[in-house]
Structures are given as structure tokens and as C-alpha cells.
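Numbered per numbering that gives the first Met the number 0, the sequence shown spans residues 0 to 143.
Glycine residues also receive a C-beta, built at the ideal position from the N, C-alpha and C atoms.
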Amino acid sequence: MMMKKYIAILTMIMMVGLTSCFEEYDEGYDLVGRVASIPVFTVSSTTAAPGADVTANFRYYSEHEPVTNLRLIQIIGGNETVAASKDITGHNLRDSYEDSFTYTVPADLEPGTAITLWIEVETANSLTNRGSINRVVTVAQPAE
Numbered sequence: 000m001m002m003k004k005y006i007a008i009l010t011m012i013m014m015v016g017l018t019s020c021f022e023e024y025d026e027g028y029d030l031v032g033r034v035a036s037i038p039v040f041t042v043s044s045t046t047a048a049p050g051a052d053v054t055a056n057f058r059y060y061s062e063h064e065p066v067t068n069l070r071l072i073q074i075i076g077g078n079e080t081v082a083a084s085k086d087i088t089g090h091n092l093r094d095s096y097e098d099s100f101t102y103t104v105p106a107d108l109e110p111g112t113a114i115t116l117w118i119e120v121e122t123a124n125s126l127t128n129r130g131s132i133n134r135v136v137t138v139a140q141p142a143e
């Protein structure tokens with residue numbers, strides 16, 4: 000009986016001693032906040048004439064912060080601009096959402112010009128994410 004008591008006390012002392020040896024290390028980054036994800040992004044056409052419409056379809060979700068804004072970003076010749084945006088209200092953290100933007104190819108672009116499109120999602124904590132998917136639309140010869 001006495002031996003069991005000593006073994007239990009010795010085991011507890013060893014557990015306390017071993018757990019105190021655990022040293023936390025610095026991961027090299029700070030967690031700032033949660034961002035939304037964009038797992039799907041497609042365009043209706045990868046070539047379009049100047050002035051033509053291209054539909055950008057995408058799916059997004061955010062499990063931790065409500066989504067507040069969506070933006071369609073265009074990059075032409077290294078210049079980045081917001082082509083379209085929309086405010087989001089009533090975002091449910093349990094659902095994923097599908098949405099789209101209608102993008103009009105600028106009429107003054109030369110055939111062969113590449114337009115890179117990104118979807119950017121902003122959450123209530125003011126953090127944004129473009130995900131890892133972009134789409135390139137090439138300007139085609141105008142229809143005659």
C-alpha cells in the first residue's frame with residue numbers, strides 16, 4: 000500500500016519535471032487574422048474582342064470572419080486597377096458562396112494584349128486575399 004503511494008508521487012513528480020522541459024519556439028511569423036478563401040475562379044472566355052463582355056465566376060468562403068467586399072482586379076501592362084467591386088452583407092460563416100462579375104474588355108487595347116484578372120475578397124477585419132488563382136484574357140482581333 001505504501002509502495003503504491005510512493006510510486007504515484009514519484010510518477011507525478013516526473014510528469015511535472017518532464018513537462019517543464021518543454022520549450023516553445025518562435026515560428027517566425029505572427030498570426031494577424033483570418034482571411035477568406037477563393038477555391039474556384041473561372042472566366043467564360045480566355046480570348047475576347049475589345050469591348051466584349053467576359054463573365055468571371057468564382058466561389059468564396061470565410062469560416063472565421065464575415066466577408067464585406069469583393070473586387071475584380073485587372074492588370075494590363077503591369078498597371079493594376081479595380082475593374083469592379085461589390086459590398087457584401089449578411090455573410091454566413093457556415094456557407095460558401097458563388098458569385099460573378101461581368102468584365103468588359105477595354106475598347107482601346109491592341110490585339111494580343113494580355114489582361115490578368117484576380118478576385119480579391121475582403122473580410123470584416125480589413126484583411127484581403129486574392130487566393131492563388133488568376134485568369135488571363137487575351138484581346139482578340141475585333142469582329143468585322
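Could you give the distance in angstroms between the alpha-carbon of residue i and the alpha-carbon of residue j?
{"i": "ASN56", "j": "PHE40", "result": "6 Å"}
{"i": "GLY32", "j": "THR115", "result": "27 Å"}
{"i": "ILE12", "j": "LYS3", "result": "14 Å"}
{"i": "THR101", "j": "ALA83", "result": "8 Å"}
{"i": "ASN78", "j": "LEU92", "result": "34 Å"}
Spell out the partners DSSP gives residue i in its beta bridges.
{"i": "GLU97", "result": "ARG58"}
{"i": "SER84", "result": "ARG70"}
{"i": "THR127", "result": "GLU121"}
Report yes if the C-beta distance between residue i and residue j is below 9 Å; otherwise report no.
{"i": "ALA51", "j": "SER44", "result": "yes"}
{"i": "ALA35", "j": "THR122", "result": "yes"}
{"i": "VAL138", "j": "GLY130", "result": "no"}
{"i": "ILE75", "j": "THR103", "result": "no"}
{"i": "HIS90", "j": "PRO110", "result": "no"}
{"i": "LYS85", "j": "ASP98", "result": "yes"}
{"i": "PRO141", "j": "PRO38", "result": "no"}
Does residue i come out as helix, strand or coil in the three-state DSSP assignment?
{"i": "ALA7", "result": "helix"}
{"i": "GLN114", "result": "Per the sequence presented here, residue 114 reads as Ile, with Gln not at that position. Strand."}
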